[in-house]
Each structure stands twice: as structure tokens, then as C-alpha cells.
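Numbering (my numbering), first residue to last: 552 to 741. Ideal Cβ placement from N, Cα and C applies to all residues, glycine included.
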């Protein structure tokens, strides 16, 4: 597998609608105000967070169980800034919709601007032939409330492409993955 460059990302976005909406460069300012950058970088794509959030709360004193997740453990919020309580987390989704080619796998890592504030962005790999909006998880590891800015960069996607003779035998689409074509902030499914 090889890491793919900005030229490859631009070509795939234009020819295959791999990322929509797509920003071919790095956006660092909007209407004269500095923002956490998003768009195409040297060897990746910096994704944005939408303004839809699910903020974790423990008002029901429930147990977190990935097999039987209680949707009542979240408070829905829509806005330009999400405040995550201390030592808690929130879910969100990307602004961008992805269509991953069969010969590509991605790894997504949080941007250093957030990491240096104790905010961890967790995203699982985008598997071959997965498509949808990405569900993002923001963990506030600090004892203070933390801000997440909607419509600004939050994480970087790095693309890996297999050799032509080594394309996966079974893709995410082939096996009917449960998060295929997810459209909103998606909770755990069984």
C-alpha cells in the first residue's frame, strides 16, 4: 500500500466524487477570521465537523454498553460551537460525504490544534467501498469544559491505495457493513 498525495486526492475527488463537498486547497480563513484549517493537505484531507452534535450525559446513571447503547444518554445539540463537559465526550458528523474506492483504505487522526488542548478526535478507518458521512467522537480529557467548532477542521484523513494486483477480496459494501451510507450522527449498532 502507498500513501497518496494531494494530486491523487484532487483527481479522485473530481473523477469519482470521493469527497463532497470537496475543497482542493487548504482553507485557513473565512470572512477575514482565522479558523482551524480544512481541505486538501500534502498527503491527506482535513475534514470538518458539522453543526449536529450528540453530547454524552450521565443523567440516567446508565452503563455504557456497545451492544445495548442507551440513546437517552445523549443530548442533541445544533450550533456553531459545542461545549463538551469535563471528562466527557460528544459525537458529531462530518460536513463531507465520502465514497471510498475498492482499492483504498483510510486512517483518520485528530488535528494537533485539538490534541494540544486535551481533546481527542477518534475515527475508525474508512474501509474499501464504504460510503457516508463520518461519525466523529470527541473526548474531552480535561477537567474543564472544551469547545468544538462546527464547519472547521477537526481531523486529517490519510489515504492508502493497494497495488493493482492486491485489491481486497471482500469490501465493506460486499459484506453489507452496518454503517454503510450513514447520514447523520450514528450511534452504535448491533
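Would you kindly work out how many angstroms separate the C-alpha atoms of residue 665 and residue 585, rounded to a whole number? The count along the chain shown starts at 1 and reaches residue 665 at position 114. The count along the chain shown starts at 1 and reaches residue 585 at position 34. Going by the C-alpha atoms only, they are around 15 Å apart.
Just list the beta strand (DSSP E) runs in the segment 649-704, keeping only unbroken ones of 3 residues or longer that don't cross its boundaries, in chain order. 655-661, 670-673, 682-691, 697-700
Starting from the Cα of residue 716, find the closest Cα among 653, 582, 732, 589 and give me that residue. On the chain shown, position 165 is the one that residue 716 refers to. Across the set 653, 582, 732, 589, the C-alpha of 653 shows the shortest separation from the C-alpha of residue 716.
Between the Cα of residue 601 and those of 634, 590, 643, 613, spot the shortest distance and give me the residue it belongs to. Here residue 601 corresponds to residue number 50 of the chain shown, with the count starting at 1. Considering only alpha carbons, the answer is 643.
Please report the straight-line C-alpha distance between residue 686 and residue 721, rounded to a whole angstrom. Within the chain shown, the letter at position 135 stands for residue 686. Within the chain shown, the letter at position 170 stands for residue 721. In a straight line, the C-alpha of residue 686 is about 23 Å away from that of residue 721.
With a Cβ-Cβ cutoff of 8 Å, do residue 619 and residue 682 count as a contact? As a position in the chain shown, residue 619 is number 68, starting the count at 1. As a position in the chain shown, residue 682 is number 131, starting the count at 1. For residue 619 and residue 682, no; Cβs fall outside 8 Å.
Who are the near neighbours of residue 741 in its chain, counting only those whose CB is closer than 6 Å to its CB and skipping five residues on each side? Counting from 1 along the chain shown, the entry for residue 741 is found at position 190. If you ignore the 5 residues before and after residue 741, its C-beta comes within less than 6 Å of the C-beta of 618, all in its own chain and listed in chain order.
Counting along the chain, where does the beta strand (DSSP E) carrying residue 577 start and finish? Against the chain shown, residue 577 aligns to sequence position 26. 577-581 is the span of the beta strand (DSSP E), which, as asked, contains residue 577.
According to DSSP, residues forming a beta bridge with residue 642: One-based indexing of the chain shown puts residue 642 at position 91. Answer is 605, 688, bridged to residue 642.
Residue 656 vs residue 679 beta-carbon contact at 8 Å: The residue given as residue 656 occupies position 105 in the chain shown. The residue given as residue 679 occupies position 128 in the chain shown. Result yes, Cβ atoms of residue 656 and residue 679 sit closer than 8 Å.
Is the beta carbon of residue 649 sitting closer than 8 Å to the one on residue 677? As a position in the chain shown, residue 649 is number 98, starting the count at 1. As a position in the chain shown, residue 677 is number 126, starting the count at 1. Yes, Cβ-Cβ distance for residue 649 and residue 677 is below 8 Å.
Helix, strand or coil: how does DSSP classify residue 623 here? The residue given as residue 623 occupies position 72 in the chain shown. Residue 623: helix per DSSP, three-state reduction.
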